[in-house]
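Chemist: Right, I'll just put the structure down here and ask away after.
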Amino acid sequence: MSTDSLESKQWKTRRKSASSIFNGPIIRRAFVDSLRKLDPRWQLKNPVMFVVEIGSVITTVEFFRYLFTGPSSETLFVLGVTIWLWFTVIFANFAEAMAEGRGKAQADTLRKTRTTTMAKRLKQGKRQADYQEVAAPDLRKGDFVLVEAGDVIPGDGDVIEGVASVDESAITGESAPVIRESGGDRSAVTGGTRVLSDWIVVQISANPGETFLDRMIALVEGAARQKTPNEIALNILLASLTIIFLLAVVTLEPFAIYSHSPVSITTLVALLVCLIPTTIGGLLSAIGIAGMDRMVQRNVLAMSGRAVEAAGDVDVLLLDKTGTITLGNRMASRFVPLNGVDEKELAHAALLSSLADETPEGRSIVALANERYGLHEDTHSDATFVPFSAQTRMSGVDLNGHADGSVYAVRKGAAESVMNYVKDLGGSAGDELQELVNSIARGGSTPLVVAESHGTDHHGLTKKDAKVLGVIELKDIVKGGMRERFDQLRRMGIRTVMITGDNPLTAAAIAKEAGVDDFLAQATPETKMQLIREQQAGGRLVAMTGDGTNDAPALAQADVGVAMNTGTQAAKEAANMVDLDSNPTKLIEVVEVGKQLLMTRGALTTFSIANDVAKYFAIIPAMFTVAFPELGALNIMHLATPHSAILSAVIFNALIIIALVPLALRGVTYRPLGAGPLLRRNLLIYGLGGLIVPFVGIKLIDLLLVLLHLA
């Protein structure tokens with residue numbers, strides 16, 4: 004087995020170990036951290052648990068007072084309540100520390116990828132220039148470095164020269180090397196990865212401490228996690244409920260004194276702690292951290308918890324056709340000339356227009372011309388290449404220096420763009436071309452039209468001799484299982500829109516085969532932005548994927564923008580998530596993780612509020628049955644004694660937090676159902692369960708206390 008493969012497997016093993024809930028090192032670290040979090044300054048961030056900690060301090064003082072002045076039975080009761088109140092705070096801290104601990108374990112794994120790297124900093128930004136060896140931390144944004152076979156890439160950047168095979172297992176966990184090259188959407192490289200063959204010149208795009216790896220470590224550790232709007236809103240609700248119950252409990256003391264049945268401070272504190280929503284209060288932070296952690300487990304780096312939440316509320320998914328819905332390897336399959344044009348002539352023109360085209364499609368055209376007619380890539384010193392752009396949707400070449408001073412120009416691209424180009428030069432595109440384009444498009448293939456022109460003006464063109472030669476057919480295949488996945492999204496209430504640069508007929512054929520709800524054909528950066536804004540204006544949340552610089556505006560505008568790790572730096576900076584696997588279909592998993600986060604928070608909030616009702620029936624009768632025997636009718640659980648009832652409720656209140664930690668970290672199992680069925684299922688399982696479980700649990704604890712003669 005190769006070293007690379009072994010390292011990758013070790014990385015995955017460590018990550019799987021880190022993601023396991025019952026992991027020894029994580030549990031030990033979490034236990035220590037849960038004690039550190041007893042600091043009141045930390046507890047202030049969580050109003051509910053801060054109140055519980057204050058109550059624990061009060062009952063601790065009460066215990067020491069009773070230790071010297073009170074009866075032994077009352078002292079043991081106060082001690083029991085005090086211990087379990089402290090456990091309640093510690094268990095809540097433990098849940099948060101466990102969620103953070105899994106992130107810290109992953110961060111430790113990432114730190115191991117760092118090495119003391121020396122960089123070959125170039126003086127002129129070219130491989131041929133002299134270089135100076137400097138330490139990687141000395142590099143700054145804008146520096147140029149040469150990275151050769153065997154070298155570790157010293158920092159994040161973009162390839163500006165060369166092409167190389169790169170091992171990215173340190174970041175993605177995948178041992179299979181990837182190609183990184185200048186130009187296009189595969190130019191971004193990440194610091195800490197290693198060049199396996201050839202060489203590249205990289206322009207550094209981040210200063211030390213701001214690299215992708217630095218950001219990734221900070222995010223998975225939770226250091227950079229900010230509370231989301233939903234968390235803040237829920238915290239306000241929980242704090243409001245806590246204040247309301249605090250006021251209600253305070254008023255009970257004078258009522259008890261008036262009824263000649265004074266209630267101890269310990270009992271009042273126990274009642275307050277059991278009535279306020281301590282379960283969700285103790286687990287809320289852990290749920291949010293675990294949501295980001297589940298993204299990392301899927302090799303998706305979420306830049307904020309807000310992005311994860313937004314993914315759960317997404318209504319519309321925008322997906323690129325190529326590489327997402329189709330396999331993405333559109334290859335030239337045939338040359339189809341118009342009447343009166345020789346196929347070899349068309350192939351030669353297509354070859355010329357593709358000499359500078361570094362896309363897979365361009366390379367496949369060159370390969371097909373070579374295979375069919377033995378045509379080769381000719382180098383022309385007098386050639387001016389016209390690169391493809393999203394605006395023109397054409398590329399080509401202008402050949403200068405003919406004996407008569409004329410310029411020969413070839414263009415290939417989208418049918419509409421090339422036809423307009425020919426018409427602008429005085430040429431014409433007849434019905435034959437339109438029928439040919441439509442025929443290819445209806446078959447689900449992509450037609451590229453090829454045209455030529457001769458001219459002598461300052462653009463190298465005249466208003467004559469412009470004509471269409473024919474069409475190149477590009478074939479792509481829809482990925483298996485896509486229709487089923489889109490059906491699943493539809494059941495989730497999510498509308499899917501395919502985005503493609505193809506003409507409407509090709510787009511319609513692919514959309515029908517894949518099963519998407521709608522499509523946007525002949526897409527440009529402007530039309531993508533317009534579509535996103537239209538959807539958002541209708542109150543919908545939009546998610547999309549992208550990897551190119553031209554996708555950056557749309558990624559920034561979308562509520563959830565997922566950039567491919569192989570994409571450009573601009574795309575990664577504009578997005579709020581980065582997919583380390585560079586798999587565009589990962590967007591579907593991102594949505595599922597987001598929905599799982601929202602479902603988990605909603606389910607545990609429902610459970611927490613519901614089980615407060617049962618604890619009410621345990622404590623209130625115990626407090627007042629001596630003064631008001633008729634309240635004994637509320638003791639439907641038939642708890643042994645008032646002290647047993649109160650202590651049982653406090654113990655259950657603490658234990659339920661620790662029992663729900665695995666659910667908070669793993670998340671509620673998500674099923675693609677509509678909002679109505681999901682709500683009914685949530686209320687049935689966690690609402691009704693939240694009512695029943697405490698009755699059973701408190702009664703069992705009461706029986707155990709009686710059995711142990713502690714009540």
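My numbering numbers the first residue of the sequence shown as 4 and each following residue consecutively.
Even glycine gets a Cβ: it sits at the ideal position worked out from N, Cα and C.
The model shown is predicted, which means the values in this text are computed figures rather than measured ones.
Given this structure, state the Cα-to-Cα distance separating Ala540 from Ala557, to the nearest angstrom.
Modeler: About 15 Å.
Chemist: Is it the case that the Cβ atoms of Ser398 and His457 are separated by a distance below 8 Å?
Modeler: The answer is no: Cβ separation not under 8 Å.
Chemist: Does the beta-carbon distance from Leu523 to Leu534 come in below 8 Å?
Modeler: Cβ atoms of Leu523 and Leu534: closer than 8 Å.
Chemist: Of all the options Ser356, Glu419, Tyr411, which has the alpha carbon lying nearest to the alpha carbon of Val389?
Modeler: When each option's Cα is compared against that of Val389, the closest is Ser356.
Chemist: Given Ile659, which residues of its chain have a CB within under 8 Å of its CB, disregarding the five upstream and five downstream residues?
Modeler: Same-chain partners within the cutoff: Thr282, Asn614, Val696, Pro697, Gly700.
Chemist: Under 8 Å: do the region 267-287 and the region 57-73 share three or more Cβ pairs, one atom per stretch?
Modeler: As far as the Cβ criterion goes, the region 267-287 touches the region 57-73, which means the pair count is three or higher.
Chemist: How many Å lie between Ile623 and Pro257 at the Cα?
Modeler: Going from the Cα of Ile623 to the Cα of Pro257 covers about 15 Å.
Chemist: Comparing alpha-carbon positions, which option in Met640, Lys618, Pro665, Leu682 lies nearest Phe655?
Modeler: It is Lys618 whose Cα lies nearest to the Cα of Phe655.
Chemist: Rounded to a whole number of angstroms, what is the C-alpha to C-alpha distance between Ile368 and Val162?
Modeler: Distance between the alpha carbons of Ile368 and Val162: 25 Å.
Chemist: Quick one, which of Glu65, Gly73, Trp89, Gly83 has its alpha-carbon nearest Asp42's?
Modeler: The shortest C-alpha separation from Asp42 is found at Trp89.
Chemist: I need the straight-line Cα distance from Ile475 to Ser448, nearest angstrom please.
Modeler: Each residue's Cα considered, the two are about 10 Å apart.
Chemist: How far does the alpha helix (DSSP H) with Tyr673 in it reach, from first residue to last?
Modeler: From DSSP, Tyr673 is part of no alpha helix (DSSP H); its letter is neither H nor E.
Chemist: Can you tell me whether His379 is buried or exposed? The criterion is at least 16 other CB atoms within 10 Å of its CB, across all chains shown.
Modeler: Burial call: exposed.
Chemist: Assuming Thr193 and Ile247 are in contact, meaning their beta carbons sit under 8 Å apart, how far apart are those beta carbons, in whole angstroms?
Modeler: Not really, about 51 Å apart at Cβ, beyond 8 Å.
Chemist: Let me know the secondary structure DSSP gives His712 once reduced to three states.
Modeler: DSSP places His712 in coil when its eight states are reduced to three.
Chemist: Suppose the cutoff is 6 Å on Cβ atoms and the five residues either side in sequence are ignored; what does the same chain contact list for Lys598 look like?
Modeler: Excluding sequence neighbours, Lys598 sits near Gly315, Tyr673.
Chemist: With a threshold of 7 Å on Cβ separation, who are the neighbours of Lys466 within its own chain once the five nearest residues in sequence on each side are excluded?
Modeler: Reliability of the predicted coordinates at Lys466 is poor, the pLDDT of 47 falling under 50, and the value obtained from them is presented with this limitation in mind. Contacts found: Leu428, Gly429.
Chemist: Measuring only the C-alpha atoms, how far is Leu149 from Ile239?
Modeler: Roughly 53 Å between the two C-alpha positions.
Chemist: Report, in whole angstroms, the separation of the C-beta atoms of Ile649 and Val51, which I expect to be a contact under 8 Å.
Modeler: Actually they are not in contact, since the Cβ atoms of Ile649 and Val51 sit about 20 Å apart, beyond 8 Å.
Chemist: Check whether the Cβ atoms of Gly158 and Ala139 lie closer than 8 Å to each other.
Modeler: The answer is yes: Cβ separation under 8 Å.
Chemist: Using beta-carbon positions only, say whether Ala454 and Asn506 come within less than 8 Å of one another.
Modeler: No, Cβ-Cβ distance for Ala454 and Asn506 is not below 8 Å.
Chemist: Tell me whether Gln135 is buried or exposed, calling it buried when 16 or more other Cβ atoms sit within 10 Å of its Cβ.
Modeler: Burial call: exposed.
Chemist: Flag this pair as yes or no: are the beta carbons of Asp479 and Thr327 separated by less than 8 Å?
Modeler: No.
Chemist: Is Pro645 helix, strand or coil by DSSP?
Modeler: Looking at Pro645 - three-state DSSP - the assignment turns out to be helix.
Chemist: Do Ser420 and Arg396 have their C-beta atoms within less than 8 Å of each other?
Modeler: Against a cut-off of 8 Å, the Cβ pair of Arg396 and Ser420 comes out as a contact.
Chemist: What would DSSP say about Ser398, mapped onto helix, strand or coil?
Modeler: Three-state result, Ser398: strand.
Chemist: Is Ala606 close to the ligand NAD? I mean its beta-carbon at under 7 Å from any heavy atom of the ligand.
Modeler: The ligand NAD is absent from the structure shown, which contains no ligands of any kind.
Chemist: Tell me the DSSP secondary structure of Thr325 in three-state form.
Modeler: Note: Thr325 maps to helix in three-state DSSP.
Chemist: Tell me which residue opens and which closes the beta strand (DSSP E) that Ala335 is part of.
Modeler: That run of the beta strand (DSSP E) goes 334-340.
Chemist: Indicate whether Thr503 and Leu492 have their beta-carbon atoms separated by less than 8 Å.
Modeler: Not in contact: Thr503 and Leu492 (Cβ atoms no closer than 8 Å).
Chemist: Taking the beta strand (DSSP E) that Ile203 falls in, what are its first and last residues?
Modeler: Start and end: 197-207.
Chemist: Comparing C-alpha positions only, which one of Tyr411, Tyr376, Lys531, Phe391 sits nearest to Asp385?
Modeler: With distances taken between Cα atoms, Asp385 lies closest to Tyr411.
Chemist: Mind checking Pro280: buried by the 16 CB within 10 Å criterion, or exposed?
Modeler: Buried, since its Cβ has 16 or more Cβ neighbours within 10 Å.
Chemist: With respect to the beta strand (DSSP E) encompassing Asp170, which residues constitute its N-terminal and C-terminal limits?
Modeler: Run containing Asp170: 160-170, per the beta strand (DSSP E) assignment.
Chemist: Is it buried or exposed, Glu595, if we count other Cβ atoms within 10 angstroms and call 16 or more buried?
Modeler: By the neighbour-count rule (16 or more Cβ atoms within 10 Å), Glu595 is buried.
Chemist: How far does the beta strand (DSSP E) with Glu455 in it reach, from first residue to last?
Modeler: 449-458 is the extent of the beta strand (DSSP E) around Glu455.
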